[in-house]
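With the first letter of the sequence shown counted as 1, position 18 gets the number 167 in our numbering; the numbers rise by one all the way through.
Ideal placement from N, C-alpha and C gives every residue a C-beta, glycine not left out.
Before any comments, here is the structure.
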Amino acid sequence: MPQASNRAFRSACPIATSLDLVGDRWTLVLVRDLLMGKRRFAEFLASPERITTNILTDRLARMEQAGLIAKTPYQQRPLRFDYRLTDKGAALWPVLQAFCRWANHFMPETWTPPARFMAPPDGP
150 MPQASNRAFR
160 SACPIATSLD
170 LVGDRWTLVL
180 VRDLLMGKRR
190 FAEFLASPER
200 ITTNILTDRL
210 ARMEQAGLIA
220 KTPYQQRPLR
230 FDYRLTDKGA
240 ALWPVLQAFC
250 RWANHFMPET
260 WTPPARFMAP
270 PDGP
């Protein structure tokens, strides 16, 4: 069975494997927040979905282990980090855009994402 980051996947199916990596309740929401410019723990906590601190800590660690994000200390005492998407994490942008288009089409009560979120990513 394929493995990444010491984590076994349930099959070699690309959809199942992708869901094993990002299919929990919070990972793509955090990717969204990072794409929209959030960088710090408190900023993630302020999102309307109201993630708890213990779950946020766990998800950030999992995302770092999976290579979706990188963290850089911005304060030593207490130690605090800025989080940024890696190329692997940023490559999820079109996936999130597709989710937005699908939800806006089939669930009209969902909000329309900001134009800057739906614009094509800069660069190649």
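Excluding the five sequence neighbours on either side, which residues of its own chain have a C-beta within less than 7 angstroms of the C-beta of residue i, listed in chain order?
i	result
residue 187	193
residue 223	229, 230 and 231
residue 159	165 and 169
Express the C-alpha separation of residue j and residue i in angstroms, rounding to a whole number.
i	j	result
residue 175	residue 270	22 angstroms
residue 358	residue 235	Because the chain in this structure spans residues 150 to 273, residue 358 falls outside the shown range and cannot be described.
residue 273	residue 265	Caution is warranted here: a pLDDT of 44 is assigned to residue 273, below 50, making its placement in the model unreliable, and the coordinate value is therefore given only provisionally. Roughly 17 angstroms between the two C-alpha positions.
residue 217	residue 208	11 angstroms
residue 263	residue 203	29 angstroms
Along the alpha helix (DSSP H) that carries residue i, what are the first and last residues, could you check?
i	result
residue 104	The structure shown has nothing for residue 104, since the chain only spans 150 to 273.
residue 243	242 to 255
residue 266	264 to 267
Exercise for review: Could you name each continuous alpha helix (DSSP H) segment of 4 residues or more that falls completely within the segment 194 to 228, going from the start of the chain to the end?
Suggested key: 202 to 214
Check your understanding: Is it a yes or a no for the segment 238 to 253 touching the segment 195 to 205, going by three-plus beta-carbon pairs under 8 angstroms?
Key -> no
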